[in-house]
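Data block below; observations after.
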Amino acid sequence: MATPKPQELFASINHRPPKKDWMDVPVEIKPGRYCYAANPKSLEIVGFPHAREWNPLDDDWKLPENWKEIIIQGIKERLERFRSFKIFMDICVRCGACADKCHFFIGSGDPKNMPVLRAELLRSIYRGEFTRAGKILGRFAGARDLTPEVIKEWWYYFFQCTECRRCSVFCPYGIDTAEITIIGRELLNLLGLNIDWIATPVANCYRTGNHLGIQPHAFKDMIDFFCDDIEEITGIRPEPSFNKKGADILFITPSGDVFADPGTYTCMGYLMLFHYLKEEYGLEVTWSTYASEGGNFGFFTSHEMMKRLNAKMYMEAKRLGVKWILGGECGHMWRVIHQYMATMQHDTMGDLDFLEEPVSPITGTRFENARATKMVHIVEFTADLIKHGKLKLDKSRNDNLIMTFHDSCNPSRGMGLLEEPRYIIKNTCNHFYEMPENTIREQTFCCGGGAGLNAGENEELRMMGGLPRANAVKYVHEKYGVNMLGCICAIDRAVLPNLMDYWVPGVQVTGIHELVGNALLLPGEQERETNLRGEPLPGKEDM
Amino acid sequence: MKAIYSLFLVFALVLVALLGAGAGGMHYLFGVIIPYVAVVLFVAGFVMRVIRWGKSPVPFRIPTTCGQEFSLPWIKQNKIDNPSTTWGVILRMFFEIVLFRSLFRNTRVELHDGPKLAYASNKWLWLFALLFHYSFLTIFLRHMRLFTEPVPGFFQALESVDGMLQIGVPSLYLTDVVIVVAATYLFLRRVVIPQVRYVSLPADYFPLFLILGIVLSGIFMRYFVKTDIVSVKELTMGLVTFHPRIPEGVGTIFYIHVFLVSVLLIYFPFSKLMHMGGVFLSPTRNLANNNRMKIHVNPWNYPVKVHTYEAYEDEFREKMVEAGLPVEKPLEQQPENKE
Ligand code: HEM
Ligand code: SF4
Ligand code: SF4
Chain A
262 MATPKPQELF ASINHRPPKK DWMDVPVEIK PGRYCYAANP KSLEIVGFPH AREWNPLDDD
322 WKLPENWKEI IIQGIKERLE RFRSFKIFMD ICVRCGACAD KCHFFIGSGD PKNMPVLRAE
382 LLRSIYRGEF TRAGKILGRF AGARDLTPEV IKEWWYYFFQ CTECRRCSVF CPYGIDTAEI
442 TIIGRELLNL LGLNIDWIAT PVANCYRTGN HLGIQPHAFK DMIDFFCDDI EEITGIRPEP
502 SFNKKGADIL FITPSGDVFA DPGTYTCMGY LMLFHYLKEE YGLEVTWSTY ASEGGNFGFF
562 TSHEMMKRLN AKMYMEAKRL GVKWILGGEC GHMWRVIHQY MATMQHDTMG DLDFLEEPVS
622 PITGTRFENA RATKMVHIVE FTADLIKHGK LKLDKSRNDN LIMTFHDSCN PSRGMGLLEE
682 PRYIIKNTCN HFYEMPENTI REQTFCCGGG AGLNAGENEE LRMMGGLPRA NAVKYVHEKY
742 GVNMLGCICA IDRAVLPNLM DYWVPGVQVT GIHELVGNAL LLPGEQERET NLRGEPLPGK
802 EDM
Chain B
21 MKAIYSLFLV FALVLVALLG AGAGGMHYLF GVIIPYVAVV LFVAGFVMRV IRWGKSPVPF
81 RIPTTCGQEF SLPWIKQNKI DNPSTTWGVI LRMFFEIVLF RSLFRNTRVE LHDGPKLAYA
141 SNKWLWLFAL LFHYSFLTIF LRHMRLFTEP VPGFFQALES VDGMLQIGVP SLYLTDVVIV
201 VAATYLFLRR VVIPQVRYVS LPADYFPLFL ILGIVLSGIF MRYFVKTDIV SVKELTMGLV
261 TFHPRIPEGV GTIFYIHVFL VSVLLIYFPF SKLMHMGGVF LSPTRNLANN NRMKIHVNPW
321 NYPVKVHTYE AYEDEFREKM VEAGLPVEKP LEQQPENKE
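Chains as they are written, first to last, in the numbering used here: chain A, 262 to 804; chain B, 21 to 359.
In structure tokens:
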């Protein structure tokens, strides 16, 4: 299935739902919109139940015999554990305010991608099995029977939600469909129904410490390789340390930054910044090959798997005896760190007394907002350095860039990290334009590939889901000539280039620390001819 | 279709009251027993539902942040949409509950050739939702004059403000008009906006029709088939003082009105109308975004299987040493308990 051309895809979007009631429209699993089933081996590595070969296009999904019992029991347990789930099951008034807020609905027109209906897929079963009104009145009260068809529908639509929480911003009760998707996926995992783009990274991460299964020596090699490039461009070679006991700070970033362009340039930016801080201020930052993944695809699987993968961060910080942890640019990684990590690890790590309250040794700034969990976002850290004039920057080296900034879902709606990245951009670039206000900050649109949906086989879905984001970029591209889209998320850096090529050719994607790396004047550096991408710097084009 | 079912259901309820209290003359049943039962079921149902919610813990602190977080001292925090203190949360909840803050953000997406997407402002739902709820609240409070003696000044004042236009006799209440208009709007948007129609259940039309039924029967009683208000007050005072009695001269229309209210009360705790309670408990709104400042404790947190550093080093020790990475246990004394 080739993905249709942009004009065709756009022309095919129809926001008018069909005549037939949604409960009577059977699910049709469309190629291009779903991701392949999980490889059973990956599920086995982490001990997940009912691992098997199955194909979403087959009639028979080889569900375990007692699948119904498992689901009902699973719902029951989660109702008892999550007040959010219980309340969100009970109070939706179907006002429809969330309906056209979801990028997947906007881009696909599939009515079951309206957040309210996505939630109703599960709510209808909840009503039928757990509420008196639903048991007695059945369909009149919005209840329906639990059948294998329902499971298929869940699987199809819960893996068409990127857990971006945009719907939650507009709901008068804050109903967060992401929360329902998270729980829905947990239920599906009880039946062995995951997608491979999540299950395999999870297995890799569990065993080798990162999603891509990069082993320790290879991890170090890759970073060394970046150091070669930096040396070539600047004449200075950073000397990062790995697994170093007694370092000041442990740095953890998503492995995507180590692996794929343009994240790699962001990674070079980190390396240059740390080198600079070491030379100028004696700060010792160490990388870990064990906790070499900031991202956490466990979050897209189940709360338990999230905890299992996340445990490495504090365990490694404790083993190495660092003062506090610094986290790289990543979206869902930061949702996990900010809203879940210290809570989850509290049973084994307690109040984290082995770490210190984070203070920037360079500016003396106390990171009040991270005083208990002791993990600081690198964008907060760098913004503080710039504010105190601790970095020598030459903005003009980024003069070829006409920037705009894409707020990633999780840092904006699960944290509120809005001004810091903008501050860094404005201090490293001369040209910056915002996209329209309905598409940024807390109202930002997802890249279309979050929550583990950045596979190749669902490209059509990603292009649909990414449409609102791309369209806003198109607006500033046409109006101001924007040619570079900044972001602070590794999944963005993987998803957006492809999305831009499709909808807005001519716009590239960058992490914020790539901008820092380009602007930063390293002590003793040679005159640079190119930027980190090896492209000639502004003014040096014809050399 | 779903709307019609619900409409018939409300008609059927009217008919029940008409036959029971009107033709059947079962005034005590409709004027005393059913209202008492309804109030008891409402209170018990409401409380049980809230307790049931409360029994489930909030394992994680998951506010949806809608503005700048509290961070560096020179960055301005949005203290209402991204509160980091209890006071901030109280303000956020205040705006949410009293002014429907989130609904105020509403937009409507439009597709244009280009391809181009546009987001049009769309505040009608917000406006009519507010009008609907506030007129409902005012009408509810105005009714307190039937349950108090002497009537407190507040309720009297409310009544005169509401009737200040002084149109007709008895003078027209503003809220009577507003609630009919607003509820009609809410109903019409449900059938006219294709997406909203698609997601609507019979259970979404039913409360609207029921409330409209209550309002219309009330209006009818006040302005058209006048009922003896003195007798009605005698009845209602009898109910609140637990000396229930049925005075002469109370018309059937009153029993219809009261029966519909009773049905609403009974229906309330089992339905989406519980959003009234739920909105206060929604974890995405009622928690401060102080996640990294204060560790939130999950009462059911349980130990999980993790991949320890030791197991990791055991697997990769040789490669690590070769690459010059530090290890805990040197190669030569590598133990045989390799995993
Ligand atoms: C704290 C109190 C309450 C708050 C904050 C609240 C808030 C809201 C909001 C924001 C909506 C969505 C907008 C809309 O569809 O109109 C709504 C809908 C609704 N509310 Fe309330 N509400 C409250 C109490 C009540 C009460 C006491 C009733 C009546 C018994 C009620 C009846 C309704 C109905 C029927 C709807 C659905 C309207 C429709 O079908 O479109 N609400 N409420
Ligand atoms: S905005 Fe909230 S209440 Fe309205 S339909 Fe969506 S989830 Fe339900
Ligand atoms: S969380 Fe995002 S992707 Fe999921 S339903 Fe809501 S708006 Fe859509």
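Positions of the beta carbon are idealized from the N, C-alpha and C atoms, including for glycine.
These numbers come from a predicted model, not from an experiment.
Return helix, strand or coil for residue i, following the three-state DSSP convention.
| i | result |
| --- | --- |
| residue 415/A | helix |
| residue 107/B | helix |
| residue 84/B | coil |
| residue 267/A | helix |
| residue 826/A | With chain A covering only 262 through 804, there is no way to say anything about residue 826/A. |
| residue 595/A | helix |
| residue 512/A | strand |
| residue 139/B | strand |
| residue 295/B | helix |
| residue 605/A | helix |
| residue 369/A | helix |
| residue 328/B | coil |
| residue 666/A | strand |
| residue 65/B | helix |
| residue 553/A | coil |
Please work out which residues of its chain come closer than 7 Å, Cβ to Cβ, to residue i, disregarding the five sequence neighbours upstream and downstream, and give them in chain order.
| i | result |
| --- | --- |
| residue 282/B | 54, 55 and 58 |
| residue 616/A | 578, 584, 585 and 635 |
| residue 169/B | 257 |
| residue 286/B | 58, 61 and 62 |
Could you check the C-alpha separation between residue i and residue j for me, to the nearest Å?
| i | j | result |
| --- | --- | --- |
| residue 359/B | residue 694/A | A caution first: residue 359/B carries a pLDDT of 44, below 50, which makes its placement in the model unreliable, though a value can still be read off. Going by the C-alpha atoms only, they are around 54 Å apart. |
| residue 36/B | residue 378/A | 35 Å |
| residue 734/A | residue 23/B | 42 Å |
| residue 112/B | residue 326/A | 48 Å |
| residue 622/A | residue 544/A | 8 Å |
| residue 357/A | residue 156/B | 21 Å |
| residue 571/A | residue 514/A | 13 Å |
| residue 802/A | residue 787/A | 18 Å |
| residue 644/A | residue 780/A | 14 Å |
| residue 301/A | residue 312/A | 5 Å |
| residue 45/B | residue 167/B | 24 Å |
| residue 171/B | residue 152/B | 25 Å |
Return the chain-ordered list of same chain residues with a C-beta closer than 6 Å to the C-beta of residue i, the five sequence neighbours on each side being excluded.
| i | result |
| --- | --- |
| residue 455/A | 299 |
Does ligand 3 have even one heavy atom less than 7 Å from the beta-carbon of residue i?
| i | result |
| --- | --- |
| residue 343/B | no |
Would you say residue i touches ligand 1, meaning its beta carbon is less than 7 Å from a heavy atom?
| i | result |
| --- | --- |
| residue 149/B | yes |
| residue 359/A | no |
| residue 112/B | no |
| residue 229/B | no |
| residue 646/A | no |
Within its chain, find whatever has a CB closer than 8 Å to the CB of residue i; leave out the 5 residues flanking it on each side and keep chain order.
| i | result |
| --- | --- |
| residue 116/B | 122, 299 and 305 |
| residue 740/A | 694 |
Is the closest heavy atom of ligand 2 to the C-beta of residue i under 7 Å?
| i | result |
| --- | --- |
| residue 433/A | yes |
| residue 436/A | yes |
| residue 32/B | no |
Can residue i be considered in contact with ligand 4, in the sense that its beta carbon sits closer than 7 Å to one or more heavy atoms?
| i | result |
| --- | --- |
| residue 377/A | This structure lacks ligand 4; the ligands present are ligand 1, ligand 2 and ligand 3. |
Residues in the segment 545-557 of chain A with C-beta within 7 Å of chain B's C-beta atoms, listed in sequence order?
550 and 551
Can you pull out the residues from the segment 641-670 of chain A whose beta carbon lies closer than 7 Å to at least one beta carbon of chain B?
641, 644, 645 and 648
Can you give me, in chain order, the residues of the segment 330-357 of chain A that have a beta carbon less than 7 Å from any beta carbon in chain B?
340, 341, 342, 343, 344, 345, 347, 348, 351, 352, 353, 354, 355, 356 and 357
Positions along the segment 485-506 of chain A whose CB lies within less than 8 Å of some CB in chain B
503, 504, 505 and 506
If you measure beta-carbon to beta-carbon, which residues of the segment 141-172 of chain B are closer than 7 Å to chain A?
145
Please name the residues in the segment 277-297 of chain A whose beta-carbon is closer than 7 Å to at least one beta-carbon of chain B, in chain order.
277, 278 and 283
Between the segment 119-143 of chain B and chain A, which residues of the former have a C-beta closer than 7 Å to a C-beta of the latter?
120, 122, 123, 125, 126, 127, 128, 129, 131, 135, 136, 137 and 139
Between the segment 370-386 of chain A and chain B, which residues of the former have CB atoms less than 8 Å from a CB of the latter, in chain order?
372, 375, 377, 378 and 381
Can you pull out the residues from the segment 208-226 of chain B whose beta carbon lies closer than 9 Å to at least one beta carbon of chain A?
209, 210, 213, 214, 215, 216, 217, 218, 219, 220, 221, 222, 223, 224 and 226
Residues from the segment 455-487 of chain A in contact with chain B, defined by Cβ distance under 7 Å:
467, 468, 470, 476, 477, 478 and 481
Determine which residues of the segment 414-427 of chain A have a Cβ less than 9 Å from any Cβ of chain B, and write them out in chain order.
426
Interface residues of the segment 72-94 of chain B facing chain A [CB-CB below 7 Å]:
73, 76, 77, 78, 79, 80, 81, 82, 84, 85, 86, 87, 88, 89, 90, 91, 92 and 94
Output, in sequence order along the chain, the residues in the segment 315-328 of chain B whose CB is closer than 8 Å to any CB in chain A.
315, 316, 317, 318, 320, 321, 322, 323, 324, 325, 326, 327 and 328
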